[in-house]
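Quick note, the sequence shown lines up with residues 941 to 1328 if you use my numbering.
In this text, a Cβ means the ideal position worked out from N, Cα and C, and glycines have one as well.
The structure presented is a predicted model; accordingly, all values stated were derived computationally and were not measured.
Working notes, structure below.
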Amino acid sequence: MKQNGRSLESMIKRLILFTAVLILLIFNASLIYDFLMRLIAICYPFIFGAGLAFIFNIVSNGLMKYAGLWFHVKDTTGPRAIANILAIIFVFSIILGFVFLLSPQLLDSIQSIVKQMPNALNHFYAWLLDVTKPIESIHEPLLDMRSSLSDMDKLADMLPGLFGWVFSGGANGIFDSIYSALTTTFSVVASACIAIMFSFILLFNKKTFVRELKALLKAYIPDPYYDKTMHVCSIVKKTFTSYIAGTSCECLILGTLVFIGCTIFQIPYALLTGIIVAIGAYVPMFGALVSAILASLFIAVENPMSAIYFLILFICIQQVEGNFIYPNVVGRSVGLPPMYVIVAVTVGGSLAGILGMIIFIPICSCIYQLLGEDIRKRIKYKDQIKNS
């Protein structure tokens, strides 16, 4: 009786303590949220550096894998250091190649678009008037727009007044904004340097970091929970590695196909279009389509019909990519049904924007796999009880 009374008293105390903590959390939710956001902002360079080190490690593991298959190289300290250096060079070569080789061509394309915009709008307006002649309900409102469009030609008359406003001191707010932008840029550059240095340190000391982390978990977590934690970590590592590598390869192939197709059919801004589609394809489900529509607007500035041809070409390429390339490149490595992909994209976009859309798919895939394993274990245990 005394034992039962003590256990009941202990349970009541725990329940009261849990209720008190829960009430404190509810009434101080905003303070806790602000504290967590501030903590994340402080740790952001290290979080970004860890993510960058993870990407370096994916490339390094791939190099070691193929070196072992082709040259029978073992994963020792020397070959691993060389693989890490090559991985860093490979990733930064892509970034620098984009900045120094592709940026001039992108700037030329954008400048060409800006120069041709007024004439293109006039040609597009004339084309719309000609096409919509049989449809009076659309043609007449377009005719009424002629007067508002003619006002665009008076833009040059506004320039003297604009310069007078700038030199009279009305642009002081702009200079304050420039100072603020420079300060923010310096902060971003400093954080980026810290993140890059941290990623290098983490990459070259990966074994030490993993060993110390395992020792920390084993010291403070009971053995059954430690084994489960290691199992969860292995699933997270495998899922994120497959997702990042497969998605990057798929985006590269899709952008290359779009560039080649636009070059063959002489669609304007082929390089700019391929890059926009490749970057947009990182966003699941809708990213490639939205980026293709954006690219078609740029193409329409020079030639509206080419924009239509581009959309038709993109739909054909996406069908080939979705039915043949994606299953072979990405496959079922993520292991998440389409229904849950929609849920992951929606929830991730609501919580963290575009970045949330990207990372919530592998996160939900990990949760889906862990729930599936737990469900199978529970069903098996119930079946054993029934049969015994």
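Residue closest to residue i, alpha-carbon to alpha-carbon, out of the options
i	options	result
residue 1255	1035, 1238, 1153 and 1233	1233
residue 1244	1215, 1066 and 1171	1066
residue 1257	1014, 1059 and 1199	1199
residue 984	975, 966 and 1131	1131
residue 1146	1207, 989 and 1292	989
residue 1299	967, 1312, 1208 and 1285	1285
residue 1185	966, 999 and 987	999
residue 1214	1327, 1325, 1038 and 1149	1038
residue 1174	1062, 1309 and 1075	1309
residue 1187	971, 995 and 1141	995
residue 1150	1165, 1170, 1138 and 1164	1170
residue 1028	1327, 1139, 1328 and 1246	1139
residue 1313	1241, 1024 and 1168	1168
residue 1307	1283, 1326 and 1052	1283
residue 1172	1291, 1127, 1311 and 1126	1311
residue 1211	950, 1044, 958 and 1293	1044
residue 986	1141, 1165, 952 and 1123	1141
residue 1241	1075, 1292, 1059 and 1020	1059
Whole-angstrom C-beta distance between residue j and residue i, which should lie under 8 Å
i	j	result
residue 1235	residue 1250	7 Å
residue 1288	residue 1279	Residue 1288 to residue 1279, Cβ: 15 Å. No contact.
residue 1143	residue 1001	Contact flag wrong, Cβ pair sits at about 11 Å.
residue 1136	residue 992	7 Å
residue 1153	residue 1205	Wrong, their Cβ atoms sit about 53 Å apart, outside the cutoff.
residue 1281	residue 1225	7 Å
residue 1003	residue 1026	6 Å
residue 1246	residue 1207	5 Å
residue 965	residue 972	7 Å
residue 1239	residue 1209	6 Å
Query raised in the report: Three or more beta-carbon pairs under 8 Å between the region 1180-1200 and the region 1155-1164, yes or no?
Result: Fewer than three beta-carbon pairs drawn from the region 1180-1200 and the region 1155-1164 are found closer than 8 Å, and the two stretches are therefore not classed as touching.
query = Which runs of the alpha helix (DSSP H) spanning at least 4 residues fall entirely within the region 1120-1172, listed in chain order?
reply = Listed in chain order, they are 1146-1160.
Item checked: Uninterrupted alpha helix (DSSP H) stretches inside the region 1185-1248 (no shorter than 4 residues) -> If we require 4 residues or more, the alpha helix (DSSP H) runs fully inside the region 1185-1248 come out as 1210-1220 and 1227-1242.
| request: Decide if the region 1212-1232 is in contact with the region 1019-1033; the criterion is three or more beta carbon pairs, one per stretch, under 8 Å apart. | output: The region 1212-1232 makes no contact with the region 1019-1033: fewer than 3 CB pairs, one atom from each, lie closer than 8 Å.
inquiry  = Would you call the region 979-993 in contact with the region 1004-1015, where contact means no fewer than 3 C-beta pairs closer than 8 Å?
reply    = By the Cβ criterion, the region 979-993 is not in contact with the region 1004-1015, since fewer than three pairs of Cβ atoms, one from each stretch, lie closer than 8 Å.
- Query: Would you call the region 1161-1181 and the region 1299-1308 in contact, with 3 or more CB pairs under 8 Å?
  - Reply: Contact holds between the region 1161-1181 and the region 1299-1308, because three or more Cβ pairs, one in each stretch, are under 8 Å apart.
Which ranges does the alpha helix (DSSP H) cover as unbroken runs of at least 4 residues, wholly within the region 984-1025, from first to last along the chain? Entirely contained in the region 984-1025, not one alpha helix (DSSP H) run reaches 4 residues.
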